[in-house]
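Presented below is the structure to which this report refers.
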Ligand SMILES: [Ca+2]
Ligand SMILES: [Ca+2]
Ligand SMILES: [Ca+2]
Ligand SMILES: [Ca+2]
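Numbering (this note's numbering), first residue to last: 3 to 502.
Quick look at the structure:
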C-alpha cells in the first residue's frame, strides 16, 4: 500500500509540469504552483486515509505483517514458566490466550509440563547399568509413559507455554477485559521478530473463569500414537523390539508416519499445489553410509522407550530413547502446522561417527535437491549428480510433491567436524541398511570423525544436541527463499512479558 502511494505522486507531478510552463503566465504560475503543492499535500493525505496506509504503518502488528508477506507463519513462540512468573502456580487447564484486534479474540495456547527425572525411570528401571542413578534430564511428561505426570501439576518454572506467532494481534487499547476471564489476571506478551525489530505483536494471557478452554476450540494438527501390540504401559517391549506402529501426525499442510520407534517412512506435503505423494523411502541413521552394524533397524530391535507422546492444539510431541548402546540417546519431534523441529540428543560412549539422512521415494518424479553449497539444484532421478560436499547449514528438496527445507543447527557443541553426503543411484551400489535397494537423492549430514563420549553415565561426557527444523511448503521455493527461511529458523521469535 505504501509503495502505491509513492508511485502515484511522481506521476501526478509529471502530469502538472507542462501546464505550469506552457499555458500559464508568471503570476498565475506562482499561484498555480502553491495550489498544486497544496493539492499534492491534500492528495497525499487523502491517499493515506483512503488506503489506510499512513495511519496503520505505525500500528502494524506482527500478525498484520505476517498476513502481508507470509513470513513467520510457521513459527511458534516458546516461553518457559521461569519467564512468566505471575502465571506460576496456575492450573494449566485454566490458562487461556487472546489477541486484540478491534475486539478480543481467543487464540489457542498450550502448556507442556516438564520435569527432571532419571533415565532409569523412563525405562521403568532395572534395564540400565549401575551408574544411571545420577543420570537425569528434563523431559516432557506423559501419564501414559513411565515418565508419568509432573511432580507439580500446576504451571511451574520448567514447564513450557507455546502459541503461534501469527496469532498475535495489536496492543490492547480497550478498558474492558475479555468475557469469561478472572479479573486482573491478565499478562501482556509482546512478541517480535529479531530480524525486523520494528514489528511487534501482542498476545494476552488470562486465567479462565471456568468455561474457556486453552485450545480456544481449535487444533493445528493431530498426533495419533498407535502401537499395533496394544497400549504402551502394558505391551511395549522395552528390552527389545520390534514394536510396530501405525502412528501419524497430520496437519492441514503435511503428514508423517512412524512404523516403529525410529522408523519414519511416509511424508506427504499438502501445502500450496503440492501433489501430496509420499516423498520418502525412509529417514536413516547409521555410523557411515554403507555401514550396517548400527542403523534404524538395529535401534528398533534394541532396547528403548518413549518419554512422551502428546497430541496438543498448538503442537504435538513425540519423544523417545534407545539406540543400541546409546540407550539414553533421544529424539524429540515437535510438530507444528507447517514446521517440524527434530531434536537429537546423542548420549553414547565414544563412537566413530554418525550420520543422519533422508532417502527419498524411489521413482518420485520432478524433484530437485539443493543446499547452501549447491545453489544449482540437481535433479533427483536415480542418476548421480555433481554435488559439492562440506559443512551444509540447510538442504532442500523441491518439486511437484512440495518443498521440504531442512535447517540444521548444532546447539552443543557449536562446531562439530562434519561433512555432507549426496547420492542418487538406482539401484544403489552400496549396501542399504534399511528401506529399499535404491538411493534416491539420499542426502544429509555426516559426522565422519570420532565423537567423544556423550553418555552422562560415563564421567567426562560432552553434551551433544542438534536440531533440524523442517519447513514444509508447496512447489517452487527458490534458492533465495530457502536461504531466507533458514535464517528465520535460526532466529526464533522473541517475547517479553508485562503484568496488566
Ligand atoms: Ca514441571
Ligand atoms: Ca507443572
Ligand atoms: Ca540425479
Ligand atoms: Ca531407498
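By construction, the Cβ of each residue, glycine as well, lies at the ideal position given by its N, Cα and C atoms.
| message | For the structure I just gave you, are there three or more beta carbon pairs, one from the stretch 343 to 354 and one from the stretch 194 to 201, closer than 8 angstroms? | response | no
| Which two residues bound the contiguous alpha helix (DSSP H) that contains residue 303? | 298 to 303
| request: For residue 279, collect the residues of the same chain with a Cβ closer than 6 angstroms to its Cβ; drop the 5 residues on either side in sequence, then sort them by chain order. | output: 403
| Is it the case that the Cβ atoms of residue 401 and residue 273 are separated by a distance below 8 angstroms? | no
| request: Could you please give the first and the last residue of the uninterrupted beta strand (DSSP E) stretch that includes residue 117? | output: 116 to 120
| query | At what residues does the beta strand (DSSP E) containing residue 347 begin and finish? | reply | 341 to 347
| query | The alpha helix (DSSP H) spanning residue 459 covers which residue range? | reply | No alpha helix (DSSP H) contains residue 459, which DSSP labels as neither H nor E.
| field | Closest residue to residue 112 among 223, 145 and 399 (Cα-Cα distance) | value | 223
| Ordered along the chain, which non-local residues of its own chain (more than five positions away) have a Cβ less than 8 angstroms from that of residue 24? | Because residue 24 carries a pLDDT of 31, less than 50, the predicted location of this residue cannot be relied on, and the following value inherits that uncertainty. So the list is empty, once near-sequence residues are dropped.
| query | Would you call the CB atoms of residue 2 and residue 157 closer than 8 angstroms? | reply | Because the chain in this structure spans residues 3 to 502, residue 2 falls outside the shown range and cannot be described.
| said: As an exercise, report each continuous alpha helix (DSSP H) stretch of at least 4 residues that is fully enclosed by the stretch 142 to 167, in chain order. | reply: none
| Closest to residue 519 by CA distance: which of 261, 437 and 378 is it? | One cannot answer for residue 519 here, as it falls past the ends of the chain, which runs 3 to 502.
| said: Check this for me: beta carbons of residue 467 and residue 413, under 8 angstroms apart or not? | reply: yes
| query | Are there three or more Cβ pairs, one per stretch, closer than 8 angstroms when the stretch 314 to 330 is compared with the stretch 105 to 119? | reply | yes
| task | Check each candidate in 375, 265 and 257 and name the one with the smallest Cα separation from residue 393. | result | 375
| query | Of all the alpha helix (DSSP H) runs that stay within the bounds of the stretch 269 to 336, which reach a length of 4 or more residues? | reply | 298 to 303
| C-alpha distance - residue 387 paired with residue 309, whole-angstrom precision | 41 angstroms
| Beta-carbon gap between residue 250 and residue 257 smaller than 8 angstroms | yes
| said: Check whether the stretch 410 to 430 and the stretch 318 to 338 are in contact - that is, three or more C-beta pairs closer than 8 angstroms. | reply: no
| message | Within 10 Å of its beta-carbon, does residue 465 have 16 or more other beta-carbons around it, so buried, or fewer, so exposed? | response | exposed
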